[in-house]
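At position 419 of the sequence shown the residue is numbered 419 (the numbering used here), and the sequence of numbers has no breaks. Every residue gets a Cβ at the ideal spot worked out from N, C-alpha and C, and that includes glycine. These figures come from a predicted structure and were not determined experimentally. Read the structure below first, then the notes.
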Amino acid sequence: MKLRTLLAASVFAAILSSVPAYAVTPASGYCGEGGGSENTVSWSVDADGVLTLSGQWTEDSKNFEGYMRNFLREPYGPWSKDIVKIVIKKGVRRIGSSAFRGCTKVKEVVFEDKDSPIKFSYDVFYRCESLESFTFPEKTDGISTGMFEQCINLKTVNLYPGIPYIPQRFFKECSSFGPEFVVPETCTSIGLSAFELCSSLKKVVINDACKEIDVHGFRACYDLADITIGKSVAKFGEGAFWNTAYFSQRDIVIRDMATFVQAEFRTSDVAGYWPTSSPTCYYSKIYIGDKNHPVTHIDIPEGATIIRSSHALFNIPEVKSITLPSTMKTLNGQALLSSEKTWDFIECWATTPPDVEDSGFVTTATYNRSTLYVPIGSVSAYKNHKNWGRFKNIVGKYRYEDVEDVTDNEAKVYAANGQIIVVGAKAGTMVDVYSIDGKHVYTGEETAIDAPTRGIYIVRVAGMTTKLAVN
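What follows is the structure, given as structure tokens:
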């Protein structure tokens, strides 16, 4: 008897657990923006838990027709928790802020009109915990912050053509999102906390148009270990990559090293927190351009004039040495400190020692043990500098030690009428010219280069280096 009673109670409890908190009784109402447009957007919920939005916007509409009201605050009354599908019909011009906030059972969103523009206010799908995928209409012409925040089962989102940026908190705490995300080529920035706590994200490719990753952009993406930094990223917000790849090494592809080392890394005075604006901080393997080019030596390209902070090169174990170009003018703060690293060697081809205000820009061990190579005519300038002069081993050298006399070189490079002439190189081949003391003179594709003065020049073209006199 007791067994039958227990079984009956269990069955009854199971039935109760499957019953919605509220009966899905069909209902309807209006949710327009107001100002005479209150009735231009209507909603209805049917017995199956399908919410339908209809609007009266047309291309001739004015003011807020078809605009859904912001802050509806449970607009669908007791039906919000039982909505499983949302259908948006033609004539709805804007989805208001928090429109579906807390509709925890929604799994599907359908846009019936493919040809009319539509915009989204902020927090539209906030905490829609059952939503697994979403596709934006192609005519989307506006998005805002926090759109998918706390959609914990969201895995994929198909963005719309021409999306200009990833707004702040857009995917925050979407713990199932991933495993890979490629930032669209049209995006120029990634907002504050845009991907924070996306703990399933393993790989991200940031495009060459993106210029900024804001504060906490990828904070606490614990499995994010494969990161490509595009050619234009020049600002990294505080904590942008804090606790990424928490349990493993990061693989970082840097598409443009000159832009990266000159980038602004915003910092905090909080101990132990400051380095994490940079993706390279702590146990990263670095690649230049793509994964076919891993590096143990960093060669900063000509044209770079500054390293803004130690964030760019902090604690990269496999990188043992670095070359600074002849155009380098300033090393800010602890630019080459890199934790407790002792560089094997540092080359600096600036004929005038770059400004270094912080004597701790390298470790004491680097001062004592590493070799500093400088242009052969600039040794005394470096030895007399208040900080560069602390290196115990400063050696002058030519930019290319393997230069050959032009008469012994098969490359067709010669001097005539005060010019350096390159013959036979393929179209688009880069030519680098340096003075004998290592000063950068020219980089480009020209085949007739004016020499600034008479003298000896080093010419690098098509993988060959020659030394010639210009009279």
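Please name the residue or residues paired with residue i in a DSSP beta bridge.
i: residue 88; result: 53 and 111
i: residue 297; result: 321
i: residue 302; result: Partner(s): none; residue 302 has no beta bridge.
i: residue 161; result: Partner(s): none; residue 161 has no beta bridge.
i: residue 440; result: 434
i: residue 465; result: 460
i: residue 228; result: 205 and 253
i: residue 142; result: 119
i: residue 130; result: Paired residue(s): none; residue 130 is not in a bridge.
i: residue 94; result: 67 and 119
i: residue 502; result: One cannot answer for residue 502 here, as it falls past the ends of the chain, which runs 1 to 471.
i: residue 415; result: 420
i: residue 396; result: 374
i: residue 62; result: Partner(s): none; residue 62 has no beta bridge.
i: residue 291; result: None; residue 291 has no bridge partner.
i: residue 125; result: In DSSP, residue 125 forms no bridge with anything.
i: residue 235; result: 212 and 264
Just curious, the beta strand (DSSP E) that residue i is in, first and last residue?
i: residue 328; result: Note, residue 328: premise wrong, no beta strand (DSSP E); not H, not E.
i: residue 119; result: 118–120
i: residue 357; result: Premise fails: residue 357 is in no beta strand (DSSP E) and is neither H nor E.
i: residue 419; result: 419–423
i: residue 450; result: 448–450
i: residue 283; result: No beta strand (DSSP E) contains residue 283, which DSSP labels as neither H nor E.
i: residue 345; result: 345–348
i: residue 316; result: Careful: residue 316 lies outside any beta strand (DSSP E) and carries neither H nor E.
i: residue 152; result: From DSSP, residue 152 is part of no beta strand (DSSP E); its letter is neither H nor E.
i: residue 471; result: Element bounds for residue 471: n/a, residue is neither H nor E.
i: residue 47; result: Counting along the chain, residue 47 falls outside any beta strand (DSSP E), and DSSP gives it neither H nor E.
Pick helix, strand or coil for residue i, following the three-state DSSP scheme.
i: residue 40; result: helix
i: residue 459; result: strand
i: residue 405; result: Because residue 405 carries a pLDDT of 46, less than 50, the predicted location of this residue cannot be relied on, and no value is offered for it.
i: residue 375; result: strand
i: residue 368; result: helix
i: residue 246; result: coil
i: residue 27; result: strand
i: residue 222; result: coil
i: residue 381; result: helix
i: residue 32; result: strand
i: residue 81; result: helix
i: residue 4; result: Legend: pLDDT at residue 4 = 48, less than 50; position of this residue unreliable, no value from coordinates given.
i: residue 389; result: helix
i: residue 445; result: coil
Starting from residue i, follow the alpha helix (DSSP H) in both directions and report where the run begins and ends.
i: residue 310; result: Here residue 310 belongs to no alpha helix (DSSP H), and DSSP marks it neither H nor E.
i: residue 260; result: 257–261
Could you give the C-beta distance for residue i and residue j, rounded to a whole number, given that I count them as a contact under 8 Å?
i: residue 374; j: residue 396; result: 6 Å
i: residue 238; j: residue 255; result: Contact flag wrong, Cβ pair sits at about 23 Å.
i: residue 101; j: residue 67; result: Incorrect: roughly 17 Å between the Cβ atoms, too far for contact.
i: residue 45; j: residue 83; result: 7 Å
If we define contact as Cβ-Cβ less than 8 Å, is residue i a contact residue for chain D?
i: residue 450; result: Annotation note: the requested chain D is absent from the structure, which comprises a single protein chain.
At what residue ranges does the region 167–210 contain a whole run of the beta strand (DSSP E), taking only runs of 3 or more? 180–182 and 203–205
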